[in-house]
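Protein chains in written order, with the numbering used here: chain A, 1 to 225; chain B, 1001 to 1225; chain C, 2001 to 2230; chain D, 3001 to 3230. Even for Gly, the Cβ is constructed at its ideal location relative to N, Cα and C. Each remark here refers to the structure printed beneath this line.
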Amino acid sequence: MTTALGTSPVLERADRAPLTTDELAARIARDIPAGSYVNLGIGQPTRIAEYLPADAGIVLHTENGMLGMGPAAVGDEIDPDLTNAGKVPVTELPGAAYFHHADSFAMMRGGHLDVCVLGAFQVSFRGDLANWHTGDPDAIPAVGGAMDLAVGARRVLVMMKLFARDGSPKLVPECTYPLTGTSCVHLVFTDHGIFEPGPEGLRVHETYGITVAELERRLGVALVG
Amino acid sequence: MTTALGTSPVLERADRAPLTTDELAARIARDIPAGSYVNLGIGQPTRIAEYLPADAGIVLHTENGMLGMGPAAVGDEIDPDLTNAGKVPVTELPGAAYFHHADSFAMMRGGHLDVCVLGAFQVSFRGDLANWHTGDPDAIPAVGGAMDLAVGARRVLVMMKLFARDGSPKLVPECTYPLTGTSCVHLVFTDHGIFEPGPEGLRVHETYGITVAELERRLGVALVG
Amino acid sequence: MSTTVAATTDEAVAGIQDGSTVLVGGFGLAGMPFDLIDALIRQGAGDLTVVSNNAGNGDVGLAALLKAGRVRKVICSFPRQSDSYVFDDLYRSGRIELEVVPQGTLAERMRAAGAGIGAFYSPVGVGTPLAEGKETREIDGRVHVLEYPIKGDVALISAHRADTMGNLVYRKTARNFGPVMATAATTVIAQVTEIVPAGEIDPETVVTPGIFVDRLVRAEARRLTVEGAR
Amino acid sequence: MSTTVAATTDEAVAGIQDGSTVLVGGFGLAGMPFDLIDALIRQGAGDLTVVSNNAGNGDVGLAALLKAGRVRKVICSFPRQSDSYVFDDLYRSGRIELEVVPQGTLAERMRAAGAGIGAFYSPVGVGTPLAEGKETREIDGRVHVLEYPIKGDVALISAHRADTMGNLVYRKTARNFGPVMATAATTVIAQVTEIVPAGEIDPETVVTPGIFVDRLVRAEARRLTVEGAR
């Protein structure tokens, strides 16, 4: 069912279950244009690679110095000199290129990647991202390439569950966790819906297993169209 | 004859002719340590290459993106894709490496070249260098890599005639031509002598075809030891 | 986005706008994208700002573009050469603007544009006329001058070989500014002597990854040399 | 100055001083200079500041150096990993200092040291705890933070192949920080699996020119992997 919210149509699918992780990965894959250069963050976003059409000419970047990364290596393919940013052994596709770390992050910071997909602890309604540190004083801080990606990619997509285990929303008016970047997230893909944060507030594009009205109640915000 | 001037001995060779350009090139070559990475500026300094001992492991840098530059190319060796900074076709030695311009000048600016030898219009007693622009309002300004070399190389040597055609000295209290760099010249090799500029004044190391006293008169400065 | 292979140099340079900033590869004649420049002349864009190491040699390449009256301003390190008469005439008659930049600063300012660096402090040029009016800062006892990025709307470069993904390798010192300019322009157009299938260039040897290259076109290498042109 | 070839890793690391800043190559285990680190442990220098992407995996390489109590401070982007228990224990018991730097900023700060850049403005980290207390400047409507170079006294890196001039090539993603660190330290020490005569590495494919390499030593590649260690 399509609901008009402001001026944009919302695809409201309250009649089905929330997306599974694989469905979510497949949904995000559909939104990545053919021919894009893409960085898939460590963890769940890695799974999106499985749903990218083989003939779309999408090229994967890994920040440890490679374009043209292939699937995870298995068996004899495993080469400890060839890993992704999560240090998992991967493979090389035809047309790949290797480069050093300063060049890899220059590529990122310079706005040459079309899309990156990151996990998140929290995203604010205006697109601030928190995904590197829980703020727990006992936690050992570790940022990796998260801040560089958040600032550098042309489109920053977030893949996460909409609610934490305790039921609290991860889309929030203001992030309470330490920030990774400010106003940097373009779209948030979650099991319960797809959201577009921005200076005018939070838009909803699609919902899964929940109505817009219920989303507004649980997020505590009037969703804008 | 060796004269003591302050604390340093001066090799005063008033009994012979000033150095020819080739003698000067050979003299400078003697001062370049074995194993050095060296940039020889466009023009006369290029000639120093002919006097570097083949077994000294001295590697020539050309700022248009090469280490391990060999002698000028002749006949069939000429390849328009392989030139020195003066755009003269050159050759490649075993162990050469090519790199792009940003890397080439990063190498220079980052202090990785042991020595560069530059021509000059003027050098001041404290080591300011003027070698890119006569200041003539009709001249078209063109700096090339001169400023980068003057600031970047660990030791900046100048190769020039001591006196201009009109007899005026090119070693001066203050440069009147526009500067290339300030306090950047370590040694000045000229047909009439070898000089070391510095904050305490101008030292003389060797003279050729002129006495220290006569040098002091013509340069208008008391040379320090 | 993916690299497209153009059938002709005219197709490769289509859409370049009047008033564009065009980065042009080459050091003197080595690495100059002759065919792309000729196509740009036919294409007709004018009022251009050209960023290149030199300002043209003889009457080919960049000199031909200048001669055609398409260039408002040149940003370069070394305009005056033994055979730069086209530029010299335009400059002396006040028909072209010139910004002289130290060669390494020119390369680094483009590198900054490509690397998302907002500005950088360089020790080069301090105390010289080329740093006049620029902000300075003393860092570790050494005065530095603040330099800003140079970004192109278009880059025209010449490489040796490409694969269909746009990965490039160069040849000897013709590499020069190509790899840097490829990172620093919105639309990067490369002419190469050969285009091979993806997988035929060893990934360890790629100099410019295809991510930087928007359009590729095959063109015979024109290797010209002028002694002492610097 | 010329690259020297050391007969042993002990000879290669001779003279490293207490209190040195040591840049250590590798991303996790890939490209980690295991043999040089083992030699450094035997050599005995302590009170070190280590700059590396991670803070050690398992109990090999960097983790072994930390375990030996030689490291006062780690500057890295990602200390905490599934197998970083040596670092974790030292950190939680207050026996080691930590400076966390975004990975690209870490690389770029070393690149700046190697390239003679006094400081640079980066958009990365603005508005986050990692930019706290740092100078900022708005450039073209975007806030940037001022970052300073990280220079090493020593760099320990691992490459694939060298020639006797010190020219290096790497292997796949084990390249990572090696080429940048090679530009950024006073003394650069590289372990390689093979040293060939000058002329046997194609000059077009050299990644780290010999000018950056002070000492070379041959050591068998130790290729270890830990899944998900990041």
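The three-state reading of DSSP puts Asp81(A) in coil, since its state is none of H, G, I, E or B. Residue pairing by DSSP puts Gly3152(D) in a beta bridge opposite Ala3185(D). Chain A places no beta carbon closer than 8 Å to that of Pro2129(C), leaving this residue out of the contacts. When the alpha-carbon of Leu3106(D) is set against those of Val3051(D), Asp3088(D) and Asp3059(D), the nearest one is in Val3051(D). Residue-level contact by beta carbon fails for Val3074(D) and chain B, as no gap is shorter than 8 Å.
Relative to the Cα of Val3124(D), the nearest Cα in the group Val115(A), Gly111(A), Glu174(A) and Gln122(A) belongs to Gly111(A).
If only uninterrupted beta strand (DSSP E) runs of at least 3 residues are considered, those enclosed by the segment 3064-3115 of chain D are 3071-3076 and 3097-3100.
Residues of chain C whose Cβ lies closer than 7 Å to the Cβ of His112(A) are, in chain order, Ile2211 and Phe2212. Counted as a single uninterrupted DSSP element, the stretch harbouring Gln44(A) is not any alpha helix (DSSP H), since DSSP gives it neither H nor E.
By the beta-carbon neighbour count (other beta carbons within 10 angstroms, threshold 16), Val74(A) is exposed. For Arg1030(B), the closest Cβ of chain D is not nearer than 8 Å.
Ser2122(C) belongs to the set of residues whose beta carbon lies under 8 Å from a beta carbon in chain D. Residue state for Ser3052(D) is assigned as coil, using DSSP reduced to three classes. The beta carbon of Ile3041(D) is closer than 8 Å to those of Ala3064, Leu3065, Ala3068 and Arg3070 in its chain, skipping five residues each way along the sequence.
Straight-line spacing of the CA atoms in Arg3171(D) and Ala25(A) works out to 32 Å. Rounded to whole angstroms, the separation of the alpha carbons of Ala1150(B) and Leu1113(B) is 11 Å. A direct Cα-Cα distance of roughly 27 Å separates Val38(A) from Ala2014(C). If you compare the alpha carbons of Glu2204(C), Val2169(C) and Leu2224(C) with that of Leu2216(C), the shortest gap goes to Val2169(C).
Looking at the DSSP output, Ala97(A) sits in a beta bridge with Leu67(A).
Between Ser124(A) and Gly65(A), the C-beta spacing is not below 8 Å. In the three-state scheme derived from DSSP, where H, G and I count as helix and E and B as strand, Phe1121(B) is classed as coil. Boundaries of the beta strand (DSSP E) harbouring Phe2120(C): Ala2119 to Ser2122, taken from the DSSP string. Just measuring C-alpha positions, the residue of Thr2021(C), Met2032(C) and Ala2112(C) sitting nearest Pro1080(B) is Met2032(C). Around Met3165(D), the beta-carbon contacts reaching into chain B at under 9 Å are Gly1057, Val1059, Leu1067, Gly1068, Pro1094, Gly1095, Ala1096 and Ala1097. Taking C-beta separations shorter than 7 Å and ignoring five residues to either side along the sequence, the partners of His100(A) in its chain run Gly65, following chain order. For the pair of segments examined, the segment 179-189 of chain A was found to touch the segment 153-164 of chain A: the number of CB pairs separated by less than 8 Å reaches three. Every unbroken stretch of the beta strand (DSSP E) spanning 3 or more residues and falling wholly within the segment 3162-3222 of chain D is given here in chain order: 3185-3196 and 3215-3218. Using a CB distance cut-off of 8 Å, Val3180(D) does not count as an interface residue toward chain C. In terms of Cβ geometry, Gly1095(B) and Gly1070(B) do not form a close pair [threshold 8 Å]. For Met3032(D), no CB of chain B lies under 8 Å from its own CB, so it is not counted at the interface with that chain. When DSSP reads this structure, Arg155(A) sits in a beta bridge with Val115(A).
Listed as beta-bridge partners of Phe1163(B) by DSSP are Pro1169(B). For Val1212(B), the enclosing alpha helix (DSSP H) covers residues Val1212 to Leu1219. Residue pairing by DSSP places Phe1195(B) opposite Val1188(B) and Val1204(B) in a beta bridge.
Cα atoms of Glu174(A) and Asp128(A): separation of roughly 8 Å, rounded to the nearest angstrom. Close partners of Val1143(B) in chain C (Cβ separation under 9 Å): Ser2077, Phe2078, Val2100, Val2101, Pro2102, Gln2103, Gly2125, Thr2128 and Leu2130.
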